[in-house]
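**Q** One structure is given below, represented as structure tokens, and several questions about it will come after.
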Amino acid sequence: MENHNKKEKAYLEPMQVWPYKRTCDWKYKKMMRMAGCKGDGLYAAAMEGLYRSLPSDLLAAFLDNVAAVQSKDGMLRLIQATEKAFPWFGSQISVWLQPTYAAAVLGIYTQLAHPGSMNKARQKTLAGLLRASMRYNLAGFSHEHEANYPKTLEMFIRADTKRFVEKYPNLCPEFTAFWNGEIERLRREFDRCDRGEAVMQSKKYTPEEMSAQVRKLLALYDGCPRPLFVYGTLMRGQAAHDLLKGGIYGGRYLLFDHAMYDLGRYPAVVHEAEESVLGELWFVTDEMMQRLDDYEGSLYKRVSVTLEAWNDNAEAETYLWNDADVPGTRVSMTAQPWHSADKDSYVWYAAYGTNLLESRMACYLQGGLCAQNGKTYNGCTDRSLWTDTGLYYCRGHVYFGRSSGTWEGKGVPFFKPVFTEIWHDHRTVCMKLYRITRGQLDEVQEQEGNLDHWYGKMYCLGLDKDGTPIITLTSRTENEENAPCDALLETMYLGLTTCCEYNKTEAVRYLRTALPKTERRRFDEISRTDAFPTPPRKKARR
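Note that the working numbering numbers the sequence shown so that position 27 is 722, with each residue one more than the last.
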């Protein structure tokens, strides 16, 4: 036993069960902790597939130990009791279901890898475990425990349950029918989600999170276990996409803290803080990954990265440029995905300054005189207004800097994202979303000032549930603070109260936090004037 790590010991230690007693003394609490630790240890070891390192005689011995304490219904109950007598659902997960799932997975592996070790008695034990596993649909006793479902499903898939039910369908016919039906149900639901006819129903996860998890599990089930992020010639519609033939599409994702450069026939991606790359997630086989390594050659290196999408993170691999120098030009977010972005396609522009006010934002799109600062704007080539609006809240803070002739030579707002975990940096910035075209956003940036120290940086905040980028404009450099003029503060106040559903107290507090500390006392005085009117109170919903 000394040659095995702590998690492997969960399989090697003698199987012990405890009788349930309705007491709350220290002995009972100790017993519950010991049973819970045993169940959690078995489940964790099965999740990591540590049973694969055990020889056939130890696998067979474990199943014999399970058979000695297995309940009549096939479940491995570390606390021996009925459901009626033991109603603590949270504890049942650790001491009933998790050990049952872990033992079933080990039995499946043993039947496939060492069929000679599986006599009739051990096959009977495995069949009981499989029937018990399907009793609660690989999850728990209620919606509160459905977080276990994707984990347990992945554990069964990695044990090659697909091959098991194909090779031994009659070992446990009930489980074979359940497993095939469950996979088909997930495929039907996922197809309906892709067509927009339904969403994955879940109380623990958002529909998007549930959908992303199921997509990953189905790809694993279909033999494509390697997640790969592509952003150039390998994407759909591009020159080398045929190399991904047989792979499974996983949706649009963002790679943060990396920048894309256009090299002509192909792009390059390098690490660069506060930049983003928009691309596609694919699930591929090991053989496909080897072909891709040959295709990318020595110009690129394959690394592990973390991707983000709407309410979902994903671990994947991608190919980064394998040189310190990048001989190309940076690709802006409005030109991504690479060579696939149509100027008439939509993005979300996230405004946090004076464009919180819709009438002022309209001046950037349609042109005309802005009532707040008296300046006439040229507008965009496409003068149509936004097709939709929304609100977006993100971590970061707004500050005022530089000197703008448009606003009496005073400061204008800039956005700075916050990445630290320090509690006092957890500020929230309110942004007004406008759904406009990529071409319109490029022209809005030109009117704002497309220079590094003005609004030359397109910062991608994330993606919406349809994969549409959410982009804001800010400075590439952190500017020295400079207080704004009263007209700019009044414009932002109107935007917060009329377009962003803030009341007066919330709007004043929000602006006060963004101001330099030396200006806050003066702002407290002017915020009490008629220039900062109290918005009408909204009627309460009945």
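All C-beta atoms, glycine included, are put in the ideal place defined by N, C-alpha and C.
Can you give me the C-alpha to C-alpha distance between aspartate 1137 and serine 1027, rounded to a whole angstrom?
**A** Near 10 Å, if we compare the C-alpha coordinates of serine 1027 and aspartate 1137.
**Q** Taking the CB atoms as reference points, tell me whether alanine 963 and valine 1000 lie closer together than 8 Å.
**A** Going by C-beta atoms, alanine 963 is not nearer than 8 Å to valine 1000.
**Q** Residue range of the alpha helix (DSSP H) that phenylalanine 924 falls in?
**A** Element bounds for phenylalanine 924: not the alpha helix (DSSP H) but the beta strand (DSSP E), 921 to 925.
**Q** DSSP state of asparagine 1008, grouped into three classes?
**A** The answer is strand: DSSP assigns asparagine 1008 an E or B state.
**Q** Taking the straight line between their C-alpha atoms, what separation do you get for proline 1228 and tryptophan 1081?
**A** Their backbone Cα atoms lie some 27 Å apart in a straight line.
**Q** Can you check whether the CB of valine 1113 is closer than 8 Å to the CB of glycine 1091?
**A** It is a contact, given that the beta carbons lie within the stated cut-off.
**Q** Measuring CA to CA, which of Asp1077, Arg1171, Arg921 and Gln806 is closest to lysine 862?
**A** Checking every option, the nearest Cα to that of lysine 862 belongs to Gln806.
**Q** Which residues in the same chain have their Cβ closer than 8 Å to the Cβ of isoleucine 1165, if we skip the five residues on either side of it in sequence?
**A** These residues qualify, in order along the chain: Val1042, Trp1043, Ala1045, Tyr1087, Leu1128, Cys1155, Leu1156, Gly1157, Leu1158 and Asp1159.
**Q** Going by C-alpha to C-alpha distance, which of Leu1183, Thr1123, Glu1175 and Phe1109 sits closest to tyrosine 1150?
**A** The shortest C-alpha separation from tyrosine 1150 is found at Phe1109.
**Q** Decide yes or no for the touch test of the segment 997 to 1016 against the segment 949 to 959: beta carbon pairs closer than 8 Å, at least 3 of them.
**A** At 8 Å Cβ cutoff, the stretches touch.
**Q** With distances taken between CB atoms, is the gap from threonine 654 to valine 860 smaller than 8 Å?
**A** Residue 654 lies beyond the range of the chain shown here (696 to 1237); nothing can be said about it.
**Q** Quick one: give me the first and last residue of the beta strand (DSSP E) that valine 1042 is part of.
**A** Note, valine 1042: beta strand (DSSP E), 1041 to 1046.
**Q** What do you get for proline 922, buried or exposed, if any count of 16 or more other CB atoms within 10 angstroms of its CB means buried?
**A** Counting Cβ neighbours within 10 Å, proline 922 comes out buried, since at least 16 surround it.
**Q** Sort Lys1199, His1148 and Gly1104 by Cα distance to aspartate 1181 and report the nearest one.
**A** Nearest C-alpha to aspartate 1181: Gly1104.
**Q** Please work out which residues of its chain come closer than 8 Å, Cβ to Cβ, to threonine 1213, disregarding the five sequence neighbours upstream and downstream, and give them in chain order.
**A** Contacts found: Ala1178.
**Q** At the level of alpha carbons, what is the spacing between histidine 966 and alanine 954?
**A** Taking the straight line from one Cα to the other gives about 6 Å.
**Q** For cysteine 1089 and tyrosine 1205, which I take to be in contact (beta-carbon distance under 8 Å), what is that distance rounded to the nearest angstrom?
**A** Their Cβ separation, rounded to whole angstroms, is 14 Å, which puts cysteine 1089 and tyrosine 1205 out of contact at 8 Å.
**Q** Would valine 790 pass as a contact of leucine 773 if the rule is Cβ separation under 8 Å?
**A** Closer than 8 Å, so yes.
**Q** Tell me which same chain residues have a C-beta within less than 6 Å of the C-beta of arginine 910, skipping the five on either side of it?
**A** Result list for arginine 910: Gly945, in chain order.
**Q** Could you name the residues of the same chain whose beta carbon sits closer than 6 Å to that of leucine 825, not counting the 5 residues immediately before and after it, in chain order?
**A** Excluding sequence neighbours, leucine 825 sits near Ala799, Cys867 and Phe870.
**Q** Determine the extent of the beta strand (DSSP E) in which cysteine 1125 is found, giving its start and end residues.
**A** Taken as a continuous stretch (DSSP letters only), the beta strand (DSSP E) holding cysteine 1125 covers 1123 to 1132.
**Q** Return the CA-CA distance between asparagine 1008 and leucine 1002, expressed in angstroms with no decimal places.
**A** Going from the Cα of asparagine 1008 to the Cα of leucine 1002 covers about 6 Å.
**Q** Taking Cβ to Cβ, would you say phenylalanine 978 is nearer than 8 Å to tyrosine 948?
**A** Not closer than 8 Å, so no.
**Q** Quick one: Cα of glycine 1074 to Cα of arginine 1055, how far?
**A** Their Cα atoms are separated by approximately 11 Å.
**Q** Distance check for glycine 1062 and lysine 1071, CA to CA, integer angstroms please.
**A** Checking the sequence, you will find threonine at residue 1071 rather than lysine. Approximately 7 Å between the Cα atoms of the pair.
**Q** Please say whether arginine 1130 and aspartate 1083 have beta carbons closer to each other than 8 Å?
**A** Yes, the pair counts as a contact, with Cβ atoms nearer than the cut-off.
**Q** Could I get the ranges of all uninterrupted alpha helix (DSSP H) runs contained in the segment 1015 to 1086, with 4 residues as the minimum, in chain order?
**A** Counting whole runs of 4 or more residues, the segment 1015 to 1086 contains the alpha helix (DSSP H) stretches 1053 to 1061.
**Q** Taking C-alpha atoms, which residue in Arg880, His1034 and Ala1202 lies nearest to phenylalanine 1218?
**A** Closest option to phenylalanine 1218, Cα to Cα, is Ala1202.
**Q** Report the residue from Thr1049, Lys1199 and Asn865 whose alpha carbon sits nearest the alpha carbon of leucine 1184.
**A** Residue Thr1049 is the option with its Cα nearest to leucine 1184.
**Q** I need the straight-line Cα distance from alanine 1209 to glutamine 1031, nearest angstrom please.
**A** Computed Cα separation, rounded: 32 Å.
**Q** Quick check: lysine 1152 and serine 1170, are their CB atoms within less than 8 Å of each other?
**A** In contact: lysine 1152 and serine 1170 (Cβ atoms closer than 8 Å).
**Q** Among Ser1079, Gln1067 and Leu1051, which one has its Cα closest to the Cα of cysteine 1195?
**A** The residue with the shortest Cα to Cα distance from cysteine 1195 is Leu1051.
**Q** Quick check on DSSP: helix, strand or coil for histidine 1148?
**A** Note: histidine 1148 maps to coil in three-state DSSP.
**Q** For serine 812, collect the residues of the same chain with a Cβ closer than 8 Å to its Cβ; drop the 5 residues on either side in sequence, then sort them by chain order.
**A** Within the same chain, serine 812 has close Cβ partners Ser751, Asp752, Leu754, Ala755 and Thr805.
**Q** Return the residue from the list Asp952, Val1139 and Tyr1094 that minimises the CA-CA distance to threonine 1029.
**A** It is Val1139 whose Cα lies nearest to the Cα of threonine 1029.
**Q** Return the CA-CA distance between leucine 745 and glutamate 1141, expressed in angstroms with no decimal places.
**A** Distance between the alpha carbons of leucine 745 and glutamate 1141: 58 Å.
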